[in-house]
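K.L.:
Supplied in structure tokens, the structure appears directly below.
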Amino acid sequence: MYAKCSPNGALNVLKEVFDRIQDHNVMCYVQSGAHDMEAIELFLEMVQTRITPNQYTLSAVLKACASLSNPLIGEQVHSYAMKLGLSAVDCVGNSLITMYARSGNMEHARKAFDVLFQAFELLHEIETEIDSFTFASLLSGASSIGAISKGEQIHARILKSSLEPCLHVSNALISMYSTCGSIDSASQVFNSMADRNIISWTSMVTGFAKHGLAAKALETFDEMVKAGVKPNDVTYIAVLSACSHAGLVSEGWTHFESMKTQHGINPRMDHYACMVDLLGRSGHLNEAMEFINTIPFKPDPLVLRTLLGACQVHKNTDLGKHVANMIIEQDPDDPAAYVLLSNLYASAGQWDKVAEIRKHMKQRNLAKEAGCSWVEAGNLIHKFHVGDTSHKQAFEIYQELHALVNEIKEMGYVPNTDFVLHDVGEEEKEKYLLQHSEKIAVAFGFIGSVGSSKPVRVFKNLRICGDCHSAFKYFSVARAREIVVRDSNRFHHFRNGSCSCNDHW
1307 MYAKCSPNGA LNVLKEVFDR IQDHNVMCYV QSGAHDMEAI ELFLEMVQTR
1357 ITPNQYTLSA VLKACASLSN PLIGEQVHSY AMKLGLSAVD CVGNSLITMY
1407 ARSGNMEHAR KAFDVLFQAF ELLHEIETEI DSFTFASLLS GASSIGAISK
1457 GEQIHARILK SSLEPCLHVS NALISMYSTC GSIDSASQVF NSMADRNIIS
1507 WTSMVTGFAK HGLAAKALET FDEMVKAGVK PNDVTYIAVL SACSHAGLVS
1557 EGWTHFESMK TQHGINPRMD HYACMVDLLG RSGHLNEAME FINTIPFKPD
1607 PLVLRTLLGA CQVHKNTDLG KHVANMIIEQ DPDDPAAYVL LSNLYASAGQ
1657 WDKVAEIRKH MKQRNLAKEA GCSWVEAGNL IHKFHVGDTS HKQAFEIYQE
1707 LHALVNEIKE MGYVPNTDFV LHDVGEEEKE KYLLQHSEKI AVAFGFIGSV
1757 GSSKPVRVFK NLRICGDCHS AFKYFSVARA REIVVRDSNR FHHFRNGSCS
1807 CNDHW
């Protein structure tokens, strides 16, 4: 009751009740309502007391590992799930996919998805009736790894099955298509629904926002309110994100204020982060700092990192240093703060400061998250890092990449070496730009689909590089193909020399 009725405010009371129980069973652990680290500790305690976890326990602890970006413990839980024969169960499989995908281990994420999909294929072969939850689970897995071809196969099976259209399957389809880069398909599913709930509307608003279609996102939100569906706090995150991605500052303020006045929703940290993002992207850095000072509770590192990222984009070193110190004061081992500050100094050419930060990170054993990009082709996920030469088609990839760059230079492309954060010469900087993981992934996408008119879909775990963003506009003209890139912030659709973000990302 405490966990479900008041998940944020009653955790201490809930834990007290849990501790008073003399004989814990598996459901006590599943329903404990613990935070991520506590959930992992409870799981270890549970195993030590020889209580066998079920699929829901394993799913919960894997989600905790995903939230904490702790794949090492997650891998051990995965092994334990395999021993219990539960790794192919829908909820466990989905949590495994999410955990591996969030940690950037796309090979393991894909393998976990394939286990789920094989189980699904087996069910299909023996003509067992497949329920809607299995379909929704598979769609969620395809969404996590960006496997749109698998998602389309599952959609086809849904249409062929005798299963009546239901809300959670339709909602899973909307999420899968929008997350995999096909917002038009997501919109078609949404428009075909006879009944919609808050999840349907919010998923569609979120999808439009992530794809840079701010006008459509806000229009859909207005339709939702007119239809009598009351927005929740998640809906408003989508609305504020839409304003942020399009630079709609006044509209963002209006919606932020209407949350409480019109719908009685108190802003939480994520909403404040959206507003800081909106102000920061639009260059209102001092206003963003003033806004942070008005937050009625202590701003967490997410809010501060958002402003620090904006300081890097707009090259405000003084404010950036101040914000970085605020983050480090809260968490001295936050690698993101050091990386963003290092990049800010590098952009300003202060290489002595860059060296100082890198030395400090090395001493504290703090590692920068490695950038990587991946693309689905031939029923496999192909993953690339910067300067990657490990792929079996590496020679052809770089051959295509060199040809593309030479071709677009004749069209007017000039490499922007400001995005190379290393103290090297201009010629060396151009080589660094050529080796970015997203460029390698796009080149691979071209050679792997010669003659196709379908978009090349690339996924990246970090923000897309500004030079790559410029180059892809030219690539889309040179190869007469749409390029879809999902980075850590949003989708970019490159068509006919322009991007859907209108250079505001």
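Using our numbering, the letters of the sequence shown map in sequence onto residues 1307 to 1811.
Note that the Cβ used here is the ideal one computed from N, Cα and C, for glycine as well.
Nothing here was measured: the structure is a model prediction, and the numbers come from that model.
(1) Following the continuous beta strand (DSSP E) through residue 1680, name the residue where it begins and the one where it ends.
(2) Secondary structure at residue 1804, three-state DSSP: helix, strand or coil?
(3) Apart from the five residues just before and just after residue 1410, which ones in its own chain have a Cβ nearer than 8 Å to its Cβ?
(4) Do residue 1403 and residue 1415 come within 8 Å of each other at the CB atom, strictly closer than that value?
(5) Just the Cα atoms here: how many angstroms apart are residue 1418 and residue 1487?
(6) Contact check, residue 1669 vs residue 1750 under 8 Å by CB: the rounded distance?
(7) From residue 1624 to residue 1543, what distance separates their C-alpha atoms?
(8) Any Cβ of chain D within less than 8 Å of the Cβ of residue 1581?
(9) Could you pull the DSSP bridge partners for residue 1686 from this structure?
(10) Output the boundary residues of the alpha helix (DSSP H) element that contains residue 1464.
(11) Given this structure, state the Cα-to-Cα distance separating residue 1331 from residue 1657, to the nearest angstrom.
(12) Count the other C-beta atoms from every protein chain shown that fall within 10 angstroms of the C-beta of residue 1793, then say buried if there are 16 or more, exposed otherwise.
(13) How would you write the range of the beta strand (DSSP E) that residue 1792 sits in, first residue to last?
(14) So does the region 1568-1581 actually touch the region 1532-1548, counting three or more Cβ pairs closer than 8 Å?
(15) Going by DSSP, what residue range makes up the alpha helix (DSSP H) through residue 1779?
(16) Looking at the structure shown, is residue 1603 part of a helix, part of a strand, or coil, going by DSSP?
(17) Strictly by DSSP, which residues pair up with residue 1764?
(18) With the cut-off set at 8 Å, would you say residue 1516 and residue 1796 are in Cβ contact?
(19) Please look up how many angstroms separate the CB atoms of residue 1475 and residue 1464, rounded, as I've assumed it's under 8 Å.
(20) Between which residues of its own chain and residue 1689 is the CB-CB distance below 8 Å, once the five residues before and five after are set aside?
(21) Enumerate in chain order the residues of its own chain whose CB-to-CB distance from residue 1643 is below 6 Å, with the five nearest sequence positions on each side excluded.
(22) When burial is assigned at 16 or more other CB atoms within 10 Å of the CB, is residue 1552 buried or exposed?
(23) Please classify residue 1334: does DSSP put it in a helix, a strand, or coil?
(24) I need the straight-line Cα distance from residue 1562 to residue 1602, nearest angstrom please.
P.N.:
Working from what's here:
(1) 1678-1683
(2) strand
(3) 1675, 1676, 1678 and 1767
(4) yes
(5) 22 Å
(6) Their Cβ separation, rounded to whole angstroms, is 38 Å, which puts residue 1669 and residue 1750 out of contact at 8 Å.
(7) 29 Å
(8) In the structure shown, chain D does not exist; there is a single protein chain.
(9) 1683
(10) 1454-1466
(11) Note that residue 1331 has pLDDT 46, beneath the 50 cutoff, so the model's placement of it is unreliable and the number below is only indicative. Cα-Cα distance, rounded: 58 Å.
(12) buried
(13) 1789-1792
(14) yes
(15) 1772-1784
(16) coil
(17) 1791
(18) yes
(19) 6 Å
(20) 1412, 1413, 1678, 1679 and 1680
(21) 1630, 1633 and 1634
(22) buried
(23) At residue 1334 the pLDDT is 44, less than 50, meaning the model places this residue with poor confidence; the figure from the coordinates comes in the next sentence. Residue 1334 falls in the helix class under three-state DSSP.
(24) 15 Å
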